[in-house]
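Undergrad: Sending over a structure as structure tokens; questions will come in a sec.
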Amino acid sequence: MKKLLLMYEQVQDFFSHFVKREKKPKAGGLKVVSKKTVNLAMLAGLIFILLVGLIGGIRAMTLSNKVTNLEQAVSKAQANQTVKPSETGVDNALEYYLNDFVYYYFVISENPSEQVEQAEKLKSFYGSEPDIQSQGQMKNPSELIWYRILRVKDNVATYQVRYKQKVKEGDATKEEEIATEFNIPYGQTDTGYYVAGLPWFTAWQSNQVKSVKDGLKLNQSDRVDEKTKKKLDKFLEVFFINYTTSQDNLDLVAKDIKTVNNTVFKTLDFSYYKEKKGEIVAYVQVTFEVAGSSHAENFTLYLSEKGKSYYINKMDHMIPSNYAK
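Just so you know, we're using the working numbering here: the sequence shown kicks off at 30 and counts up by one.
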């Protein structure tokens with residue numbers, strides 16, 4: 030509405046240039062405008078309106094071109110975008126998709142009708158339904174205990190799966206737990222993923238190393254005299270009490286170390302001290318208690334002398350295997 034009023038005022042102002050100014054009549058007289066002046070004013074108004082419409086059309090076309098160019102740029106960026114892997118190296122979307130496949134593969138109901146539904150759901154994951162030549166495959170009722178993706182390589186996702194199934198033995202039925210690696214071949218298109226063939230089972234591979242050379246042995250004698258050792262042990266006992274109770278007191282004896290909550294210091298079980306580059310390095314093992322349960326932790330502490338006591342400049346939560354060298 031404001032734009033219309035503004036346009037009207039502009040047209041009216043434009044018309045005023047073509048109106049013939051007559052001498053001011055006496056009070057109560059009428060202003061006479063010639064027909065030629067009126068025609069010129071109407072023509073000028075029409076030209077003005079057409080000009081405004083033309084300018085508006087040009088601006089609209091320019092804006093439309095900008096929007097079109099922006100849409101094309103966005104579409105191009107989306108087309109060139111690749112799926113980013115998660116921190117574990119596995120695309121999250123792929124993992125969620127294959128998790129569903131694992132679920133429907135191993136969760137088998139005792140109800141025959143539900144087994145049919147489960148089989149149909151499983152088939153929907155394949156790009157094309159696999160051709161299975163064997164007849165009368167047996168499916169024991171089973172359920173997942175847990176599963177996790179282990180690796181993805183060459184379009185094959187490997188899961189570690191632990192499940193249990195009900196197995197008939199004569200007239201009785203028993204539950205049997207099975208741990209296995211489950212391998213799923215998959216493919217990808219512009220619209221999503223599909224299972225590219227029949228999955229297969231492989232032996233469970235443990236990632237646990239059986240033994241390591243030069244393991245940590247806390248059986249070394251330290252390099253300080255007995256009096257100094259007792260003084261250092263006493264200081265560390267005070268430190269660990271504060272470490273589990275009071276941040277204010279801890280700040281007096283240590284730098285940038287935070288207290289641990291709901292923990293009780295029990296004993297200083299092992300300590301080994303040596304001087305290194307003007308400071309004392311302490312390798313210690315301590316027992317803590319949390320909610321009635323105790324556990325041991327290893328520490329490496331870097332101390333400097335402060336008055337008649339000590340101050341901890343740094344703390345690490347480990348003891349290196351070569352601590353005594």
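Each residue gets a CB set at the ideal place from its N, CA and C atoms; glycine is no exception.
Just so it is clear, the structure is predicted and the values come from calculations on it, not from any experiment.
Assuming Tyr-312 and Phe-294 are in contact, meaning their beta carbons sit under 8 Å apart, how far apart are those beta carbons, in whole angstroms?
TA: Incorrect: roughly 17 Å between the Cβ atoms, too far for contact.
Undergrad: Considering just the uninterrupted stretch of the beta strand (DSSP E) at Thr-329, what are its terminal residues?
TA: Where Thr-329 is concerned, the enclosing beta strand (DSSP E) stretches over 322-335.
Undergrad: If you compare alpha carbons, which of Tyr-352, Asn-327, Lys-260 is closest to Lys-305?
TA: The candidate whose alpha carbon is nearest that of Lys-305 is Tyr-352.
Undergrad: Considering only their Cβ atoms, is the gap separating Asp-262 from Ser-300 smaller than 8 Å?
TA: Yes, the Cβ-Cβ distance between Ser-300 and Asp-262 is below 8 Å.
Undergrad: Going by other Cβ atoms of all chains shown within 10 Å of its Cβ, with 16 needed for buried, is Lys-105 buried or exposed?
TA: In this prediction, Lys-105 has a pLDDT of 44, which is less than 50 and means its spatial position is unreliable; nothing more can be read from the coordinates.
Undergrad: If Tyr-155 sits next to Glu-172, beta carbons under 8 Å apart, how far is it from one beta carbon to the other, in whole angstroms?
TA: That belief does not hold up - the Cβ atoms of Tyr-155 and Glu-172 are roughly 23 Å apart, past 8 Å.
Undergrad: To the nearest angstrom, report how far apart Tyr-366 and Lys-150 are at their CA atoms.
TA: There is no way to answer for residue 366, as the model of the chain reaches only from 30 to 354.
Undergrad: Note down, in chain order, each residue of its chain lying with its Cβ closer than 6 Å to the Cβ of Pro-114, except the 5 sequence neighbours on either side.
TA: Its pLDDT being 40, under 50, Pro-114 is placed unreliably by the model, and the measurement read from it follows with that caveat. Excluding sequence neighbours, Pro-114 sits near Asp-120.
Undergrad: Starting from Tyr-340 and walking both ways along the beta strand (DSSP E), at which residues does that stretch end?
TA: Tyr-340 -> beta strand (DSSP E) spans 338-345.
Undergrad: Could one say the Cβ of Asn-212 lies closer than 8 Å to chain C's Cβ atoms, at least one of them?
TA: Looking at the structure shown, chain C is missing, and only one protein chain is on hand.
Undergrad: Given Lys-335, which residues of its chain have a CB within under 6 Å of its CB, disregarding the five upstream and five downstream residues?
TA: For Lys-335, where only same-chain residues beyond five positions count, there are no Cβ hits under 6 Å.
Undergrad: Where DSSP assigns a beta bridge to Gly-17, which residues make up the other side?
TA: As displayed, the chain neither begins before 30 nor continues past 354, which places residue 17 out of reach and without an answer.
Undergrad: What is the DSSP secondary structure of Tyr-155, counted as helix, strand or coil?
TA: Of the three classes helix, strand and coil, the one that applies to Tyr-155 here is strand, per DSSP.
Undergrad: On a Cα-Cα basis, can you pick out the residue from Val-310, Phe-130, Pro-349 that is closest to Thr-187?
TA: Residue Phe-130 is the option with its Cα nearest to Thr-187.
Undergrad: For the pair the region 273-280 and the region 246-259, tell me if three or more CB-CB distances fall below 8 Å.
TA: The answer is no - the region 246-259 does not touch the region 273-280, with fewer than three Cβ pairs under 8 Å.
Undergrad: Pop quiz: Leu-332 and Tyr-340 are said to be a contact at Cβ under 8 Å. What is the actual Cβ separation, rounded to whole angstroms?
TA: Going by Cβ atoms, the distance from Leu-332 to Tyr-340 rounds to 7 Å, so yes, they are a contact pair.
Undergrad: Taking the straight line between their C-alpha atoms, what separation do you get for Glu-158 and Val-224?
TA: Using only the alpha carbons, I get a separation of about 10 Å.
Undergrad: Phe-328 and Thr-292 - do their beta-carbons sit closer together than 8 Å?
TA: It is not a contact, given that the beta carbons lie outside the stated cut-off.
Undergrad: Just the Cα atoms here: how many angstroms apart are Gln-234 and Glu-210?
TA: Taking the straight line joining both Cα atoms gives about 8 Å.
Undergrad: Going by other Cβ atoms of all chains shown within 10 Å of its Cβ, with 16 needed for buried, is Val-319 buried or exposed?
TA: Burial call: exposed.
Undergrad: Might you give, ordered along the chain, the residues of its own chain that have their beta carbon closer than 7 Å to the beta carbon of Leu-247, omitting 5 neighbours on each side?
TA: Around Leu-247: Phe-299, Gln-314.
Undergrad: Run the CB neighbour count on Pro-228, radius 10 Å, all protein chains shown included, and call it buried at 16 or more, exposed below.
TA: Per the 10 Å Cβ criterion, buried.
Undergrad: Please classify Leu-123 as buried or exposed, where buried requires at least 16 neighbouring CB atoms within 10 angstroms.
TA: Counting Cβ neighbours within 10 Å, Leu-123 comes out buried, since at least 16 surround it.
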